[in-house]
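Peer 1: Quick mapping for you: the protein sequence lines, in order, are chains A and B. Numbered by the numbering used here, the letters in the first sequence go through residues 1 to 297 in order. Numbered by the numbering used here, the letters in the second sequence go through residues 1001 to 1794 in order.
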Amino acid sequence: MSIAARAARIPLVALVLWLALSTLAPIAMSRYEPYSVTGGPGALCTPVVAPGLALPPGSRTCGVPLTALYRTPLQATVIDAGLRSGALLVGAAAIALTLGVVIGAMVGAVRRRAVASGAVLAATGLLAAVPSFFVAYFLQVAVIVFGANPSTGSRFLPVYGFGYDEHIVLPLLAVTIPAVAVTAQLTAARVSDVLDSEFVTTANAKGLLQSWILRVHVLPHALPVALEGLGSGLRISVASLPIVEYIFQWNGIGYVTLQAIASRDAAAFTASALVLVTLFAVLSFVADLGRPRHAYR
Amino acid sequence: MRRIDPWFAIGLIAFFLLLFVALFGERIAPYEAIFFVVEHEGQRRPYAPGEVFALGSDVLGRDLLSLVLAGARATLIIGIVAGLARVSAGLALAVVAWWWRPLRLLVDSLAEIVSAVPATLVALLIVLIFIRGDAQIVTFVAALLVTGWAGPYRVARAEMDRLRHGLFTESALALGVRRLPLFARHHLPHLVPVLAVTTAQQSVASLVAVAELGVLGVFVGATKFVNVREAVTAFRGQADVGALWISEIPEWGGLLANGRGIENLWTTRWVILVPGVAFALAAVGLSVIGLGVARQFQRRNALYALRSRPAAWLGLACAALVLAAAMLPERYAGALEWADDARKQVARAGSIDGAFAESGLHALGRTYAVERRVLSIEQTSPAKLRTAGVEINEEADTPSNILPVLYHASGGAVIDAPLVYAGWGLSPADHPPAPSRVGTFGTLPGLGTLVKDWADDYATVDVSGKIVVTLRMPNVQLSRTSATSPGQDFETTVKNAMKRGAVAILYIDPALPSLSTTLTGQPFNPYLRLEKVLPIERPDGVPVIVLSLPAAERMLRPFGVSPTETWNAITGVDTFSGAPGVRGQKLVAHDDPITRRSPARDLGVRSHVELPVQRVLATPTSFVAVSGASPRVLVWAVLPETRGSSPTTSDALAAFLLSLAGKQGANLAVVAFDRSVDTVGNARAIADLLGRTRWDTIVVLDDLEGETLRFETIYGDLIPMFDHYAARTGARASITRAIANPELWSWPGMEAFQGSRATVLRATGAGGDLRADVAALLGYIAGRDALGAPELRR
Chain A
1 MSIAARAARI
11 PLVALVLWLA
21 LSTLAPIAMS
31 RYEPYSVTGG
41 PGALCTPVVA
51 PGLALPPGSR
61 TCGVPLTALY
71 RTPLQATVID
81 AGLRSGALLV
91 GAAAIALTLG
101 VVIGAMVGAV
111 RRRAVASGAV
121 LAATGLLAAV
131 PSFFVAYFLQ
141 VAVIVFGANP
151 STGSRFLPVY
161 GFGYDEHIVL
171 PLLAVTIPAV
181 AVTAQLTAAR
191 VSDVLDSEFV
201 TTANAKGLLQ
211 SWILRVHVLP
221 HALPVALEGL
231 GSGLRISVAS
241 LPIVEYIFQW
251 NGIGYVTLQA
261 IASRDAAAFT
271 ASALVLVTLF
281 AVLSFVADLG
291 RPRHAYR
Chain B
1001 MRRIDPWFAI
1011 GLIAFFLLLF
1021 VALFGERIAP
1031 YEAIFFVVEH
1041 EGQRRPYAPG
1051 EVFALGSDVL
1061 GRDLLSLVLA
1071 GARATLIIGI
1081 VAGLARVSAG
1091 LALAVVAWWW
1101 RPLRLLVDSL
1111 AEIVSAVPAT
1121 LVALLIVLIF
1131 IRGDAQIVTF
1141 VAALLVTGWA
1151 GPYRVARAEM
1161 DRLRHGLFTE
1171 SALALGVRRL
1181 PLFARHHLPH
1191 LVPVLAVTTA
1201 QQSVASLVAV
1211 AELGVLGVFV
1221 GATKFVNVRE
1231 AVTAFRGQAD
1241 VGALWISEIP
1251 EWGGLLANGR
1261 GIENLWTTRW
1271 VILVPGVAFA
1281 LAAVGLSVIG
1291 LGVARQFQRR
1301 NALYALRSRP
1311 AAWLGLACAA
1321 LVLAAAMLPE
1331 RYAGALEWAD
1341 DARKQVARAG
1351 SIDGAFAESG
1361 LHALGRTYAV
1371 ERRVLSIEQT
1381 SPAKLRTAGV
1391 EINEEADTPS
1401 NILPVLYHAS
1411 GGAVIDAPLV
1421 YAGWGLSPAD
1431 HPPAPSRVGT
1441 FGTLPGLGTL
1451 VKDWADDYAT
1461 VDVSGKIVVT
1471 LRMPNVQLSR
1481 TSATSPGQDF
1491 ETTVKNAMKR
1501 GAVAILYIDP
1511 ALPSLSTTLT
1521 GQPFNPYLRL
1531 EKVLPIERPD
1541 GVPVIVLSLP
1551 AAERMLRPFG
1561 VSPTETWNAI
1571 TGVDTFSGAP
1581 GVRGQKLVAH
1591 DDPITRRSPA
1601 RDLGVRSHVE
1611 LPVQRVLATP
1621 TSFVAVSGAS
1631 PRVLVWAVLP
1641 ETRGSSPTTS
1651 DALAAFLLSL
1661 AGKQGANLAV
1671 VAFDRSVDTV
1681 GNARAIADLL
1691 GRTRWDTIVV
1701 LDDLEGETLR
1711 FETIYGDLIP
1721 MFDHYAARTG
1731 ARASITRAIA
1741 NPELWSWPGM
1751 EAFQGSRATV
1761 LRATGAGGDL
1771 RADVAALLGY
1781 IAGRDALGAP
1791 ELRR
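1. May I ask you to list, following chain order, the residues of the segment 1256 to 1282 of chain B that have a beta carbon less than 7 angstroms from some beta carbon of chain A?
2. Counting along the chain, where does the alpha helix (DSSP H) carrying aspartate 193 of chain A start and finish?
3. Does glycine 1151 of chain B have its Cβ less than 8 angstroms from a Cβ in chain A?
4. Taking DSSP as the reference, what is the three-state secondary structure of tryptophan 250 of chain A?
5. In whole angstroms, give me the CA-to-CA distance for alanine 1396 of chain B and leucine 1447 of chain B.
6. Take isoleucine 144 of chain A and list the residues in its own chain whose beta-carbon comes closer than 8 angstroms to its own, dropping the five residues that flank it on each side.
7. Along the chain, where does the beta strand (DSSP E) containing glycine 1604 of chain B start, and where does it finish?
8. Helix, strand or coil for threonine 1759 of chain B per DSSP?
9. If you draw a straight line from the alpha carbon of alanine 1014 of chain B to that of alanine 1082 of chain B, how long is it in whole angstroms?
10. When you compare only the Cα positions, how much space is there between alanine 1158 of chain B and aspartate 1108 of chain B?
11. Give me the chain B residues within the contact set of leucine 126 of chain A, using Cβ-Cβ distance strictly less than 8 angstroms, ordered along the chain.
12. Quick one: what's alanine 1369 of chain B bridged to in DSSP?
13. Quick one: what's got a C-beta closer than 7 angstroms to alanine 1766 of chain B's C-beta in the same chain, skipping five residues either side?
14. Per DSSP, valine 1476 of chain B is paired with what?
15. Three-state secondary structure (DSSP) at glutamine 1754 of chain B?
16. Against chain A, with Cβ distances strictly below 8 angstroms, would isoleucine 983 of chain B count as a contact?
17. Between leucine 234 of chain A and alanine 179 of chain A, how many whole angstroms is the CB-CB distance? I'm expecting something under 8 angstroms.
18. In the structure shown, what three-state DSSP assignment does asparagine 1568 of chain B receive?
19. Got a sec? Which residues, its chain only, sit under 6 angstroms from alanine 1552 of chain B by beta carbon, not counting five neighbours each side?
20. Which residues of chain B have a Cβ atom closer than 8 angstroms to the Cβ of glycine 91 of chain A, listed in chain order?
21. So, using beta-carbon positions, are proline 1152 of chain B and arginine 1044 of chain B closer together than 8 angstroms?
22. Assuming proline 1550 of chain B is part of the beta strand (DSSP E), what are its boundary residues?
23. Tell me the rounded alpha-carbon separation between glycine 118 of chain A and isoleucine 3 of chain A.
24. Closer than 8 angstroms, CB to CB, is glutamine 259 of chain A near chain B or not?
25. For lysine 1384 of chain B, is the classification buried or exposed, using 16 other Cβ atoms within 10 angstroms of its Cβ as the cut-off for buried?
26. Quick one: which chain B residues come within Cβ less than 9 angstroms of arginine 9 of chain A?
27. Please list, in chain order, the chain A residues whose beta carbon lies closer than 7 angstroms to that of glycine 1129 of chain B.
28. Would you list, in chain order, the members of the segment 1189 to 1219 of chain B that have their beta-carbon closer than 7 angstroms to a beta-carbon of chain A?
29. Can you tell me which residues form a DSSP beta bridge with proline 1742 of chain B?
30. Any C-beta of chain B within less than 7 angstroms: which residues of the segment 181 to 192 of chain A qualify?
31. Could you tell me whether any Cβ in chain A is nearer than 8 angstroms to the Cβ of threonine 1484 of chain B?
32. Roughly how many whole angstroms lie between the Cα atoms of serine 1464 of chain B and glutamate 1610 of chain B?
33. Report, in whole angstroms, the separation of the C-beta atoms of proline 1600 of chain B and glycine 1487 of chain B, which I expect to be a contact under 8 angstroms.
34. Check distances from the C-beta atoms of the segment 1037 to 1070 of chain B to those of chain A and list, in chain order, the residues that come in under 8 angstroms.
35. Based on Cα-Cα distance, which residue from B:Asp1161, B:Arg1300, B:Tyr1421 lies nearest to aspartate 1005 of chain B?
36. Name the chain A residues that come within less than 7 angstroms of proline 1118 of chain B, Cβ to Cβ?
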C-alpha cells in the first residue's frame, strides 16, 4: 500500500468515527445520569440553592455543557486541549523511539550474557506491565515524599496542574514510560530472532565485525518491529491519556473527553473523541511509514 | 519437557500464586469484607497501616489486606477472561481473514477504526450504559472486548503473514494439506510464543483498564450506597465525604475508587497504594507467565508438551486446588447449622411464653415476663359532631375528614353548646407588634406588625361557653413580592379560643385530607406528631377537633357560612411552605381587603360535640431473656396483636428461641416487646432491666407480613453485614441499596436506646411466609456470635 493511500485512511477513519459517534453518543448518553468528574458516578451532585430559584426536585449541578463550564466556544476548548495533549504525545513518541530502540538492540545483542540481558528485559517487562496510572501515582508520591525540600517545604516539581514548564515533566514521564518499555521489548525479541537467522551465521562465519553485523544486517530487520512497538506503545499512551491527565489535572483532550462524558455533552464528546482519534491515526501513520522501506529490502 | 526455561519456572510459580490467591483469597483474609471498624481509640477513619490493621484500612474502616485478598478473584477473572477473549477474537478474525480475502479488507479497516478509539473511554461509556443488574462482570468483560480485539488481531495477522512465506507452508500446501490442519498443526505452534506474550499483555491491559475505571469512579457492583457520616469520627484528608458507593463483590477497582482524590496523596496514601500494589503485582505476575510460556515454547511444540506427563501433573494440581477451594467450608459454616435448626423449629412455633420457657435462656427477673401497670388516657369511642341534623362521625367520615387532636391542651367531653364561627380566630390584641426577625430569605416583620390592622374576630362575637369554629389562617406577606411570615398556628389559635372561654374548638384545616394518617408514611401528619410530642395529660378538657373543608362545609352551609369560599377567595399560594405532596399553604398580603372585615358570626344554633376520653389501666407485658454473660446483640421483636406487627414476628421469634435450647456460646439478649401502650416507658423499663442503653447491634423485627425481607438502617456499615447474612442463609431479602432516611427512620422503642445501632427488618410485597427466613436469619446471627464473628463483638 502506498504512503498516499495510508495517509488517506486518516480522514476516512475520522469520518467514519464522526458519523458513528455523532449518531450513537446522544442515544448512549441518555441511558445514564450525569455526574461530576471528581465525584464519579453515584456521588451526589450538590443541588443549586439560590433564593427565589425554584428547582424541580432532584436538580443537580452536574450535566453542565462544556461551553458553559469553560465559557469559550467548543472549538476553542477542543483545540486548546488537543494542543496540550499533543505536546505530551509528541514528546513521548520522540523519547520512546530513541530510547526504546537503543535498549532493545542492546538487550538483543547481549543476549548471550544471560544475566545482563535478563535484567534489562525484566526491567522493561516490569515497566511495560505497570499501569501508567500507577506510574503517575508513583511519580506524584515520590515527588511529595522524597522531592520535598525540608528547609523551605517546597517540592522540586509540581505534582499536578497545567503548564509548559516544570509542570510537564511528570505527565510526560507517565505517558512515555510504557511506550519506551513496549518498544524495547519488541525490538529485543526481533533482534534476538534475526541473530539466529542463517545470514547472520554466514556473516559471523565470514568474520565480520559484530558492530557491523548489528548495524547493517540486523537493525534494518528489527526497525519495522521497533516501529510496530512504538505504535502499540503509543496506543497504550493514548489509551492512558484520559487517566493520566485526570490524575495530573492536565486539562488536555483526555480530561475534556471525561468531562464531556460525565456531563453528557454529546457534541463536546464527539469533538474531543475525534481529536483523540485523529491524534492516534496520525501517530500510527508515522509509525507505519517505516515499514515498507525497511522490511525485506 | 526436558529442559525448563528459568522464566518458565518463574512463570509457573507466578501462575500458582495467582491461582491460589484467587481461589483461597477470601478464606486466608484475616477479616471479612463486612467487618467495619467505625471508631478506634479516637482515631479517625481511614486508619494508617499498623493502627488497627497491618496494611491499614480503607476509607470506611475495613481491612485493606482482607479486601485485596477477597477481591482478587473477581478482579483477576475480569482481567484474564477479557485478555483471553481479546486474543481469541483477534486470532479467530486473523485466521478467517487469512482464509477469505474479501473479509480481510473489511476486518483490517474495522481494526484500524476500532483501535483508533481510546479503550478506556469506550469501556467507560459501555459500562455506564449497560451496568445494570447481576451481569456486571460480563458487562465489564464485554466493554473491554469491544475495542480490545484490534491489537491481538494485528499481531496475529503480522505473524501469520510471516509464516505464510515460510518454506514449510509452501511445502505443506504443495502436499495438499487442507487449511484447518495446516493452521492447527503447522502454524499454531509457531504462534504460541507471540500469543502468550500478547495474551499476557492484553490481560494486563484489561487489569489496567479496570483500575483506570476504578480511579474514574466506575467499578463492578457499585450497588451499595453506604453513608459514613453517622460515625462520631470524621475523615482524614477528605472533609466532605459523607457517603460512598461500595462494591457488592469485593473488587480492586472499587478500592481505588474510594481512595482517589489529590488530597489523598498527602494524608492517606496507603488507601491507594495497597490496591495499587495489588494491581501492579498481578500485572507483573501475568506478564511473567506470558514471558515464560513464550520462552519455553519458542523452539518447542506447545501442542506436544500438552500431551506430556508433566503437563498432566500440572493440570491435576490445578484441578486439585480448584476442588480444594470448592470443598473448603465457608467462614462460620457452623452458624449455618444454627440457622437450619431455627428454620426447622418454625413448625413447632407456638406461644411466645412457651418458647421463652423452653429456650434455656435465663430470665433477668423472676420470670421472663416484664409487666408494667400503665394508666393511660385513651379515646374510648369515635368522635361525633351533630348540628341541626347534620352528623359528622369519625367512624363514617374517616380521619381524613375529622381528626380529634388529643394533646396536652385538649381533653375529652360530651357537650351541648351554641355554635359560633370565629373566622381565623385572630385578634390583633393577642399579637403585640414584634421585632423583625431574620429569615432564610431576608428580614421579616413579626406577625404582630403584619396583622395590627386586621379585623378582630373576637370583637363581634362572644365565644364564652360556646363551641368555636375557626379556619386555618393563611400565611401573611408584606407585599406581593416579599417573603412570607407564617400565620397564627394551630396551637396559638386553640389557646386564644380557650382563653376566651370556648368549650370546644373545631379547627378547619384545608390540608387535612392530603396529610397521611400514619406516622411512618409520607407526608408527615403534624397533628399526630403533636399528640406524640406533647401527649394528653387529663381526660377532661376542651375537645379539639380538626375538620376538612368538605366536612366543615356540610356542617356550616345551612347557616350561610362557607369556609370553602373564603379559602378559595385567597389567591396567593406559598410554594415554599408546600412540602411535596401537600397542597401549598395559602398566602395573603397584609393589607388585602379580605383582612379588614371579620367573617365571625354567632350561628344561633346549638351543636352537640362528643369526644369521650377516659383513663384506662393497661398492663403491657413484654418478655426479656439473655444468653451468656455479657450480651452484645439485642433481638428486639415487636409483639403481635398490636398495630404494625404480625404473627410472623412472634412465630419466627418462637422458632429461634426453641432452636437455642441446649446451644452454648451465643451472647445475646432477646426481647419480645409489647408496644400497645406507653411504648417509650416500656422500652425504658426494659433498657433499665438489661442495664444498657447503647448497643452495637440491635436486630428489630417489625411488621414482617410480606414476601420479601427488607433491611432498614441509618448505619451504613450494617448494610453489607445484613445483606451478607441474608445471602448466606438464603433468606428472601431485597438487596439494601442505601441507608434509610434518617428523618423518617424509626422503630418502636428506639427512644430508650439512644446511640444504639439498629437494623429494622420489615417486609414488602404480599402473600409470602417469611417465618422460616427470619428464624434462620436470627439463628445465623446467634451462631456467628457464638463462633466469634468480629463484627458482632465490637
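All C-beta atoms, glycine included, are put in the ideal place defined by N, C-alpha and C.
Peer 2: Reading off the structure:
1. For the segment 1256 to 1282 of chain B, the residues whose beta carbon sits under 7 angstroms from a beta carbon of chain A are, in order, Ala1257, Ile1262, Leu1265, Trp1266, Arg1269, Ile1272, Gly1276, Phe1279, Ala1280.
2. Locating residue 193 of chain A in the first sequence gives position 193, counting from the first residue. 169 to 195 is the extent of the alpha helix (DSSP H) around aspartate 193 of chain A.
3. As a working mapping, residue 1151 of chain B is identified with position 151 in the second sequence. True, the Cβ-Cβ gap to chain A drops below 8 angstroms.
4. As a working note, residue 250 of chain A is residue 250 in the first sequence. The answer is coil: DSSP assigns tryptophan 250 of chain A none of H, G, I, E or B.
5. Sequence index remark: in the second sequence, residue 1396 of chain B carries index 396 (1-based). Sequence index remark: in the second sequence, residue 1447 of chain B carries index 447 (1-based). In this structure, the CA atom of alanine 1396 of chain B is about 38 angstroms from the CA atom of leucine 1447 of chain B.
6. On the first sequence, position 144 is the one that residue 144 of chain A refers to. In its chain, beyond the 5 residues on either side, Arg155, Val159 have a beta carbon closer than 8 angstroms to the beta carbon of isoleucine 144 of chain A.
7. Within the second sequence, numbered from 1, the residue matching residue 1604 of chain B stands at position 604. That run of the beta strand (DSSP E) goes 1601 to 1611.
8. Counting from 1 along the second sequence, the entry for residue 1759 of chain B is found at position 759. Threonine 1759 of chain B: strand per DSSP, three-state reduction.
9. As a first step, residue 1014 of chain B is located in the second sequence; it is residue number 14 there, counting from the start. As a first step, residue 1082 of chain B is located in the second sequence; it is residue number 82 there, counting from the start. Those two C-alpha atoms are separated by around 19 angstroms.
10. As a position in the second sequence, residue 1158 of chain B is number 158, starting the count at 1. As a position in the second sequence, residue 1108 of chain B is number 108, starting the count at 1. Cα-Cα distance, rounded: 12 angstroms.
11. Looking up residue 126 of chain A in the first sequence gives position 126. One finds Val1284, Ser1287 in chain B with Cβ atoms closer than 8 angstroms to the Cβ of leucine 126 of chain A, taken in chain order.
12. Sequence index remark: in the second sequence, residue 1369 of chain B carries index 369 (1-based). Alanine 1369 of chain B pairs with B:Phe1623.
13. Working through the second sequence from its first residue, we reach residue 1766 of chain B at position 766. Excluding residues within five positions, the ones whose Cβ falls inside 7 angstroms are Gly1706, Glu1707.
14. Along the second sequence, one-based indexing puts residue 1476 of chain B at 476. The partner list for valine 1476 of chain B (beta bridge, DSSP) reads B:Ser1485, B:Val1588.
15. Walking along the second sequence from the start, residue 1754 of chain B turns up at place 754. In this structure, glutamine 1754 of chain B counts as coil in the three-state DSSP scheme.
16. Since the displayed chain B opens at 1001 and closes at 1794, residue 983 of chain B lies outside it and no answer follows.
17. By one-based count along the first sequence, residue 234 of chain A stands at place 234. By one-based count along the first sequence, residue 179 of chain A stands at place 179. Rounded, the Cβ-Cβ distance is 5 angstroms, consistent with contact.
18. The residue you call residue 1568 of chain B lines up with position 568 of the second sequence. Asparagine 1568 of chain B carries a helical assignment under DSSP once its states are collapsed to helix, strand and coil.
19. In the second sequence, residue 1552 of chain B corresponds to position 552, counting from 1. Correct list, in chain order: Ile1508, Pro1563.
20. Start at 1 with the first residue of the first sequence, and residue 91 of chain A comes out as number 91. What glycine 91 of chain A touches in chain B, judged by beta-carbon distance under 8 angstroms, is nothing: the nearest beta carbon there is about 18 angstroms away.
21. Start at 1 with the first residue of the second sequence, and residue 1152 of chain B comes out as number 152. Start at 1 with the first residue of the second sequence, and residue 1044 of chain B comes out as number 44. The Cβ atoms of proline 1152 of chain B and arginine 1044 of chain B lie no closer than 8 angstroms to each other.
22. Indexing the second sequence from 1 puts residue 1550 of chain B at position 550. Boundaries around proline 1550 of chain B are those of the alpha helix (DSSP H), 1549 to 1556, since no beta strand (DSSP E) includes it.
23. Position 118 of the first sequence holds residue 118 of chain A. Position 3 of the first sequence holds residue 3 of chain A. Here the C-alpha atom of glycine 118 of chain A lies approximately 38 angstroms from the C-alpha atom of isoleucine 3 of chain A.
24. On the first sequence, residue 259 of chain A is found 259 positions in, with the first residue counted as 1. Closer than 8 angstroms: no.
25. To locate residue 1384 of chain B, count along the second sequence from 1; it is residue 384. Counting Cβ neighbours within 10 Å, lysine 1384 of chain B comes out buried, since at least 16 surround it.
26. Residue numbering aside, residue 9 of chain A sits at position 9 when the first sequence is read from its first letter. By Cβ distance, chain B contributes Ser1109, Glu1112.
27. Along the second sequence, one-based indexing puts residue 1129 of chain B at 129. According to the sequence displayed, residue 1129 of chain B carries isoleucine and not glycine. Taking a Cβ-Cβ threshold of 7 angstroms, the residues of chain A close to isoleucine 1129 of chain B are Ala28, Arg31, Tyr32, in chain order.
28. Result list: Val1204, Val1208, Ala1211, Glu1212, Val1215, Leu1216, Gly1217, Val1218.
29. The residue given as residue 1742 of chain B occupies position 742 in the second sequence. DSSP lists no bridge partner for proline 1742 of chain B.
30. Residues of the segment 181 to 192 of chain A with a C-beta atom less than 7 angstroms from some C-beta of chain B do not occur.
31. Position 484 of the second sequence, counted from the first residue, corresponds to residue 1484 of chain B. Proximity of threonine 1484 of chain B to chain A, defined by a Cβ-Cβ separation below 8 angstroms, is not satisfied.
32. Within the second sequence, the letter at position 464 stands for residue 1464 of chain B. Within the second sequence, the letter at position 610 stands for residue 1610 of chain B. Approximately 19 angstroms between the Cα atoms of the pair.
33. Here residue 1600 of chain B is taken as the residue at index 600 of the second sequence, counted from 1. Here residue 1487 of chain B is taken as the residue at index 487 of the second sequence, counted from 1. Sequence check: residue 1600 of chain B is alanine here, not proline. Contact flag wrong, Cβ pair sits at about 16 angstroms.
34. Those residues of the segment 1037 to 1070 of chain B that come within reach of chain A (Cβ to Cβ, closer than 8 angstroms) do not exist; the list is empty.
35. In the second sequence, counting from the first residue as 1, residue 1005 of chain B sits at position 5. Ranked by how close their Cα comes to the Cα of aspartate 1005 of chain B, the residues B:Asp1161, B:Arg1300, B:Tyr1421 have B:Arg1300 in first place.
36. In the second sequence, the residue the question calls residue 1118 of chain B occupies position 118. Neighbours of proline 1118 of chain B on chain A, chain order: Val238, Ala239, Leu241, Pro242, Leu276.
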